[in-house]
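Novice:
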Amino acid sequence: MNDIMLFGAGHHGKKRQVAPGVENVTFSSSIEPHESRTRLSFSSYSATFIVKTVYQERGGYLIGVCGDDPSDEDIVKAIFKYNPKPIG
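Using our numbering, read the sequence shown as starting at 2 and increasing by one per residue.
#1: Out of Asn3, Asp73, Asp69, point me to the one whose CA is closest to Thr49's CA.
#2: Kindly indicate the opening and closing residues of the alpha helix (DSSP H) around Val77.
#3: Rounded to a whole number of angstroms, what is the C-alpha to C-alpha distance between Ser45 and Gly11?
#4: Alpha carbon to alpha carbon, how far is Lys82 from Gly61?
#5: To which residues does DSSP link Lys15 through a beta bridge?
#6: Could you give the residue range of the beta strand (DSSP E) that holds Val26?
#7: Are Val52 and Val19 touching if we call contact CB-CB under 8 Å?
#8: Just checking: is the beta-carbon of Pro85 within a distance shorter than 8 Å of some beta-carbon in chain B?
Rendered as structure tokens:
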């Protein structure tokens with residue numbers, strides 16, 4: 002299994018694991034609060050992430066992207082925060 006950092010669908014680099022060679026993965030979105038007049042509820046949904054490799058010169062890290070690509074700064078912050086294992 003390889004470490005992957007998820008970006009999008011409420012995730013900001015959260016680390017999960019995937020099988021080697023996958024191109025798309027599905028994970029739950031981050032739980033989002035919803036407030037109504039009478040109560041507070043929470044929901045999440047299944048989100049599909051496109052698997053990409055970044056920083057190959059440093060051993061390569063897998064990221065899963067749902068929506069817009071994360072900035073280099075966001076990726077570097079996630080590497081330091083979640084300490085994923087390089088794939089190489």
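Where is the CB? At the ideal position from N, CA and C, for every residue including glycine.
Specialist: The answer reads as follows:
#1: For this step, residue 49 is matched to residue 48 along the sequence shown. Comparing Cα-Cα distances from Thr49 to each of Asn3, Asp73, Asp69, the minimum goes to Asp69.
#2: Your numbering for residue 77 matches position 76 in the sequence shown. Here the alpha helix (DSSP H) through Val77 covers 73–83.
#3: Indexing the sequence shown from 1 puts residue 45 at position 44. Indexing the sequence shown from 1 puts residue 11 at position 10. Roughly 9 Å between the two C-alpha positions.
#4: Residue mapping note: residue 82 aligns to position 81 of the sequence shown, counting from 1. Residue mapping note: residue 61 aligns to position 60 of the sequence shown, counting from 1. Answer to the nearest angstrom: the Cα atoms are 17 Å apart.
#5: Here residue 15 refers to the residue found at position 14 when the sequence shown is read from its first residue. Residue pairing by DSSP puts Lys15 in a beta bridge opposite Leu7.
#6: Taking the sequence shown and counting its residues from 1, the one referred to as residue 26 is at position 25. Per DSSP, the continuous beta strand (DSSP E) segment holding Val26 begins and ends at 25–29.
#7: Position 51 of the sequence shown holds residue 52. Position 18 of the sequence shown holds residue 19. The answer is yes: Cβ separation under 8 Å.
#8: Of the protein chains in the structure, only one exists, and it is not chain B.
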